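Participant: Following this note's numbering, the numbering of the sequence shown begins with 13 at its first residue and continues without gaps.
Dropping a structure here in C-alpha cells format, bear with me for questions.
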Amino acid sequence: METRQALQWWCHRQTLRSYHEAEQIRDGLLQESFSLWRALEVSLAHPDAKPNQEWQKQLELSERLHAALQQMSDRLSPPYSDDNMILALQYAIEMYRKQHPNVQLTLDLPINWQAESYETIRIVLMTLDELLQIALTQTRLEPPAIAIALRPLSGLGELVVQFTDPAQSLNPLHIKEFAYLRRAFQILTSGKCFYRCKDASITWHFRWASQLA
C-alpha cells in the first residue's frame, strides 16, 4: 500500500510540474516568439521594406522556433488535458495520425463525458501513447489496424484499444513492456487493466474510477 501511495504521489507531482512548465511556455516564450514572428512579417510586408535573403532566413527561423515551442508545450501538457477527456483524446489522436499517416486508426468517442481530474486525463493519455509506441515498435514493417474507444461504465471510465494484427506479433505474453505498462496503469490509477486475444486481434481494456457515476 505504501509503495502504491508513493508512486501515485510521485505521478501527481510530476504531472502538475509538467502542467505548470507548459503553461509558462504558452504564456511566456510562446507569446514572445509569436510577437517576433509577426513583427518580422509586418516589416517584410511594409511598402518601404527592402527584404533580402537574411531577413527571409530570420523569418523562417522565428517560425520554426514558434512551432518547436508549441510542440514542446504540447508534449509537457497536451491541450485540453486540464478539463476535457474527449477533446484531449481527439487532439492526441489527430497528432498521432499526422506522425503516422500509414497507420489505419479509428476513434469512437461518446458525445458527453463529465470532468475528470487533470492527473487522470494525463495518465490515460500517457498510457495510450506508450501502448501505441510499443505496438508500432513491434510491428514496424506491417503496422496493425487500431481502433480506440472511450466508454462510460457504471462508476468507471474505460479506454478500449484494439489491434488487428494478422502477423500476431503483439502477444502480450511475449512482450515484457506490455506487462510493465499494465502494472503501472493499475498502480497509478488504482484501476484495472486486462486484455483479450481472439484470432488476429488483441483488445486492451483500461478502467479507472470515474466521476461519471
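Just so you know, even glycine gets a beta-carbon here, dropped at the ideal spot from N, CA and C.
Fair warning: this is a prediction, and the values are worked out from it, not measured in the lab.
So ASP177 packs on ILE214, CB below 8 Å; how close in whole Å?
Facilitator: So it is a contact: roughly 7 Å between Cβ atoms.
Participant: List the whole-angstrom C-beta distance separating TYR108 from LEU143, where the pair is believed to meet the contact cut-off of C-beta under 8 Å.
Facilitator: Contact flag wrong, Cβ pair sits at about 11 Å.
Participant: Return the CA-CA distance between ARG219 and LEU153, expressed in angstroms with no decimal places.
Facilitator: Their Cα atoms are separated by approximately 31 Å.
Participant: If contacts are defined as beta-carbon pairs under 8 Å, then ALA159 and LEU137 qualify, I think. What distance do you get, rounded to the angstrom?
Facilitator: Actually they are not in contact, since the Cβ atoms of ALA159 and LEU137 sit about 17 Å apart, beyond 8 Å.
Participant: Residues in its own chain within less than 7 Å of LEU171 by CB, not counting five upstream and five downstream?
Facilitator: These residues qualify, in order along the chain: VAL136, LEU140, LEU162, PHE218.
Participant: For SER222, tell me which candidate among THR201, LEU77, CYS205, ASN114 has the shortest Cα-Cα distance.
Facilitator: Taking only the C-alpha atoms, the option nearest SER222 is THR201.
Participant: Let's test the definition: count the other Cβ atoms within 10 Å of the Cβ of ARG194 and tell me whether it reaches 16, buried, or not, exposed.
Facilitator: Classification for ARG194: buried.
Participant: Take the Cβ of ILE133 as the centre, count every other Cβ of all protein chains shown within 10 Å, and call the residue buried at 16 or more, exposed below.
Facilitator: Under this definition ILE133 is a buried residue.
Participant: According to the Cβ coordinates, are PHE190 and PRO184 closer than 7 Å?
Facilitator: Going by C-beta atoms, PHE190 is nearer than 7 Å to PRO184.
Participant: Quick check: what's the CA-CA separation for ILE98 versus CYS205?
Facilitator: Cα-Cα distance, rounded: 20 Å.
Participant: Taking only three categories from DSSP, how would you classify ALA157?
Facilitator: Strand, per DSSP.
Participant: May I ask you to list the residues that DSSP assigns as paired with ARG172?
Facilitator: Reading off the sequence shown, one finds Val at residue 172, where the question assumed Arg. For VAL172, which the question treats as bridged, DSSP gives the partners ALA161, HIS217.
Participant: How would you call GLN150, buried or exposed, if buried means at least 16 neighbouring beta carbons within 10 angstroms?
Facilitator: By the neighbour-count rule (16 or more Cβ atoms within 10 Å), GLN150 is buried.
Participant: Could you tell me which residues DSSP puts in a beta bridge with TYR207?
Facilitator: DSSP lists TRP216 as partners of TYR207.
Participant: With PRO122 and PRO164 assumed to form a contact (beta carbons below 8 Å), what rounded beta-carbon distance in angstroms separates them?
Facilitator: Yes, PRO122 and PRO164 are in contact; Cβ-Cβ is about 6 Å, under 8 Å.
Participant: ASP120 lies in the beta strand (DSSP E); which residues open and close that run?
Facilitator: Start and end: 117-120.
Participant: Quick check on ARG195: does DSSP put it in helix, strand or coil?
Facilitator: DSSP places ARG195 in helix when its eight states are reduced to three.
Participant: Once you ignore the five residues that flank TRP216 on each side, which residues in its own chain have a CB closer than 6 Å to its CB?
Facilitator: Answer for TRP216: VAL173, TYR207, listed in chain order.
Participant: SER93: which of ALA79, SER129, ALA196 sits nearest, CA to CA?
Facilitator: Taking only the C-alpha atoms, the option nearest SER93 is SER129.
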